[in-house]
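Each number in the working numbering comes from the position in the sequence shown (counting from 1) with 635 added on. Where is the CB? At the ideal position from N, CA and C, for every residue including glycine. From a predicted model like this one, the values you see are computed outputs, not experimental measurements. Here the structure comes first, spelled out in structure tokens, and everything after it is commentary.
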Amino acid sequence: MYSGNHKSYSSIWPIVRRHLATTLPYLNLKRIFNILLSLYEKRVNRIIVKSRPYFIKIEPTNKCNLRCKGCLHAADREELKAAGKLGDMDFGLFKSIIDDLEPYLVKVSLYSMGEPFIYPKILDMIAYLDERKIGSVISSNLNFMTPELAEGIVRNRLTHLIVSLDGYDEESYDRYRQGGSFARVVENLKMIQA
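Written out as structure tokens, the structure is:
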């Protein structure tokens, strides 16, 4: 039961509405039942659960085109590569995971430490999810973009794009997003919207 004040409830409503808008199109009876079962199992602290994941996070690549302060990728790239710490996910493995969970999945997050748009099969991943009526979410520094990639993002119906634009101009942006360009991000956003 809601016990907070009205002001705090109204301040979270835009967030709730945004997430509902990007989730509702992917719901069906089986997925709704699975979500409710999952919430119930969590509520009663069930140790062995029957529900399946309805939201998963997959990292297509842990490679990145920037060297942001405080990030793993600020380290020496050759050292990371030599240590076998940089790589791409096998697309067959991705399909296998999605095929196994398809009846239950509502959304898949396609990002973690790497830049998703440098992964060669990212549009294939988005399309694979869309064909199965599963939402897709990507967070990107948006410094890597081509007209074909921008068109593919729209054509394959990426559900939710989060853009890391840390700063209000080139100078403030450069303090954190080293190797990136504020102007390039703005241009790439325009390219996607076109």
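Check	Outcome
Three-state class that DSSP yields for Ser774 in the structure shown	strand
Beta-carbon proximity of Ile797 to Ile773, cut-off 8 Å	yes
Supposed contact pair Val741 and Leu662 - C-beta distance, whole angstroms, cut 8 Å	6 Å
Buried versus exposed, by CB contacts within 10 Å (16 or more), Gly749	buried
Option nearest His654 by Cα separation, candidates Asp765, Ile733 and Gly770	Gly770
Collapsed DSSP secondary structure at Met636 in the structure displayed	The predicted model places Met636 with a pLDDT of 43, which falls under 50 and marks its position as unreliable; any figure quoted below should be read in that light. Three-state DSSP puts Met636 in coil, outside helix and strand.
Validate contact between the stretch 685-704 and the stretch 720-728 using beta carbons, cut 8 Å, 3 pairs	yes
Local conformation of Phe779 per DSSP, three classes	coil
Separation of Ser686 from Val679, as counted between CA atoms	13 Å
For Ser744, the residue or residues it bridges with in DSSP	Lys692 and Val772
Environment of Phe817 [buried if 16+ CB atoms lie within 10 Å]	buried
Buried versus exposed, by CB contacts within 10 Å (16 or more), Ile733	buried
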